[in-house]
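Asker: What follows is a single structure, and I will ask about it in a moment.
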Amino acid sequence: MFEKLNASHTEQYHPDYLFINDGSADKTLDVMRKLNAAHPDEVHYISFSRNFGKESAFAAGLANAHGDYVAVMDVDLQDPPELLLQMVDILEDPDQDYDVVGCVQTSRKQNPIRAFLSASFYKIINKMSKVQMKQNVRDYRLMSRKYVDAILQLPEYNRFSKGLFSWVGFKTKYLEYEGVPRAAGETSWSLIQLFEYSMEAIVDFSDVPLKMATFVGGLTFVLSIIGLFFVVIRALFFGGSVNGWASMVSIILFLSGVQLFSLGILGTYVGKIYLETKHRPKFVIAEKR
1 MFEKLNASHT
11 EQYHPDYLFI
21 NDGSADKTLD
31 VMRKLNAAHP
41 DEVHYISFSR
51 NFGKESAFAA
61 GLANAHGDYV
71 AVMDVDLQDP
81 PELLLQMVDI
91 LEDPDQDYDV
101 VGCVQTSRKQ
111 NPIRAFLSAS
121 FYKIINKMSK
131 VQMKQNVRDY
141 RLMSRKYVDA
151 ILQLPEYNRF
161 SKGLFSWVGF
171 KTKYLEYEGV
181 PRAAGETSWS
191 LIQLFEYSME
201 AIVDFSDVPL
211 KMATFVGGLT
221 FVLSIIGLFF
231 VVIRALFFGG
241 SVNGWASMVS
251 IILFLSGVQL
261 FSLGILGTYV
271 GKIYLETKHR
281 PKFVIAEKR
């Protein structure tokens, strides 16, 4: 990737390269050391003490990037480096006044189930959140210094970068390009991990699940009052008791399920608050050059 990036810029620009090693178990760190030794003024790297996740890698990169413009991209070569010059031209054009240039993949060979779930996620979160997030937007983007400084002002430990990028606002231009296969390896994200990540994103940017739990609880209470009213009326005016042990057990199990579901939603929000109050760092650096 370094060779492709180096070949894509002209003498007009002198970029710095900052690589984040998120606790990899292969020889990634050795490659970074060699690049830094060969290009000490251009190539820098940060190596975490363990795997802290993509969001922590983003946070470390943005916090340690000091250029007028900051680009974020994966190293799997799915993002075309040659777009960077076009991105810079857009940000430097005073007539357009953009602070961010993002990228959208127009064609991407993806598992149909993953594609359906991804589309469903964006529809749901855009309905539930006040922040609108564009579908198929890559993490690959070029940002102005003003935009990066705004992102760095967000202190939360639980981070969903796509939501944060949208939340801070600023005028954004999107470029489209055709997706290409990864240069090496396969994604390590399973469907379960993607589902958990999606749930965290919804909790981070919406309180609708809490409102839903409140609504379901209120509706259940009203229905219970109505049912109790009919039972009392029948007993007073028509005599006899209401039979139905099986139906009673079913109702109890249903109400218990509603309660546990509501507690689960509440617990998710409380858990995130608990993690925030610890004020732990988002990452721990083992080596930095």
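Counting from 1, one number per residue, gives the positions in the sequence shown under full-length UniProt numbering. Every residue gets a Cβ at the ideal spot worked out from N, C-alpha and C, and that includes glycine.
#1: Would you mind reading off the limits of the beta strand (DSSP E) that contains Met87?
#2: Throw me the rounded Cβ distance for the Phe52 and Met32 pair, which I believe falls under 8 Å.
#3: What would DSSP say about Gly267, mapped onto helix, strand or coil?
#4: Once DSSP output is grouped into helix, strand and coil, what is the label at Thr193?
#5: Please state if the CB of Val88 and the CB of Tyr13 are separated by a distance shorter than 8 Å.
#6: Where do the ends of the alpha helix (DSSP H) carrying Arg33 lie?
#7: Quick one: give me the first and last residue of the alpha helix (DSSP H) that Glu287 is part of.
#8: Can you tell me whether DSSP reads Ser198 as helix, strand or coil?
#9: State the Cα-Cα distance for the pair Gln193 and Glu200, rounded to the nearest angstrom.
#10: With distances taken between CB atoms, is the gap from Leu210 to Ile265 smaller than 8 Å?
#11: Answer with buried or exposed for Leu84, where buried requires no fewer than 16 other C-beta atoms within 10 angstroms of its C-beta.
#12: Can you tell me whether DSSP reads Leu154 as helix, strand or coil?
#13: Alpha carbon to alpha carbon, how far is Ile252 from Thr214?
#14: Taking DSSP as the reference, what is the three-state secondary structure of Glu178?
#15: Count the other C-beta atoms from every protein chain shown that fall within 10 angstroms of the C-beta of Met143, then say buried if there are 16 or more, exposed otherwise.
#16: List the residues that DSSP assigns as beta-bridge partners of Ile20.
#17: So Ser144 is in the beta strand (DSSP E); what residue range does that whole segment cover?
#18: For the alpha helix (DSSP H) that contains Asn122, what are its first and last residues?
#19: Taking the C-alpha atoms as reference points, what is the distance between Leu77 and Tyr140?
#20: Using 8 Å for Cβ pairs, my map puts Tyr177 next to Pro80. What's the rounded Cβ distance?
#21: At which residues does the beta strand (DSSP E) containing Ala59 begin and terminate?
#22: If you follow the alpha helix (DSSP H) that residue 296 is part of, which residue opens it and which one closes it?
#23: Three-state secondary structure (DSSP) at Ala213?
#24: Would you kindly check if the distance between the Cβ of Tyr157 and the Cβ of Lys282 is under 8 Å?
#25: Given this structure, state the Cα-to-Cα distance separating His66 from Ala60, to the nearest angstrom.
#26: Tell me whether Val93 is buried or exposed, calling it buried when 16 or more other Cβ atoms sit within 10 Å of its Cβ.
Answerer: Let's see:
#1: Counting along the chain, Met87 falls outside any beta strand (DSSP E), though it belongs to the alpha helix (DSSP H) covering Leu83 to Glu92.
#2: Their Cβ separation, rounded to whole angstroms, is 17 Å, which puts Phe52 and Met32 out of contact at 8 Å.
#3: In the structure shown, the three-state DSSP call for Gly267 is helix.
#4: Sequence inspection shows Gln at residue 193; the Thr mentioned does not correspond to that position. Here Gln193 sits in helix by DSSP.
#5: In contact: Tyr13 and Val88 (Cβ atoms closer than 8 Å).
#6: Element bounds for Arg33: Thr28 to Ala38.
#7: Where Glu287 is concerned, there is no enclosing alpha helix (DSSP H), although the beta strand (DSSP E) around it starts and stops at Ile285 to Lys288.
#8: Ser198 falls in the helix class under three-state DSSP.
#9: In a straight line, the C-alpha of Gln193 is about 11 Å away from that of Glu200.
#10: Cβ distance < 8 Å, so Leu210 and Ile265 count as in contact.
#11: By the neighbour-count rule (16 or more Cβ atoms within 10 Å), Leu84 is buried.
#12: In the structure shown, Leu154 adopts coil according to DSSP, grouped into three states.
#13: Rounded to the nearest angstrom, the two C-alpha atoms are 19 Å apart.
#14: Reduced to three states, the DSSP call for Glu178 is coil.
#15: Met143 comes out buried.
#16: DSSP, once it has assigned bridges, lists Ile46 as partnering Ile20.
#17: Val137 to Ser144 is the extent of the beta strand (DSSP E) around Ser144.
#18: It should be noted that the sequence gives Tyr, not Asn, for residue 122. Unbroken alpha helix (DSSP H) run through Tyr122: Pro112 to Met128.
#19: Linking Leu77 to Tyr140 through their CA atoms gives a straight-line distance of about 11 Å.
#20: Distance from Tyr177 to Pro80 at the Cβ level is roughly 6 Å; contact confirmed, criterion being Cβ atoms closer than 8 Å.
#21: No beta strand (DSSP E) holds Ala59; the alpha helix (DSSP H) holding it covers Lys54 to Asn64.
#22: Absent from the model: residue 296. The displayed extent of the chain is 1 to 289, so no value can be given.
#23: Helix.
#24: For Lys282 and Tyr157, yes; Cβs fall inside 8 Å.
#25: Their backbone Cα atoms lie some 12 Å apart in a straight line.
#26: The residue you asked about is not Val; residue 93 is Asp in the sequence shown. By the neighbour-count criterion, in which a residue is buried when 16 or more other Cβ atoms sit within 10 angstroms of its Cβ, Asp93 is exposed.
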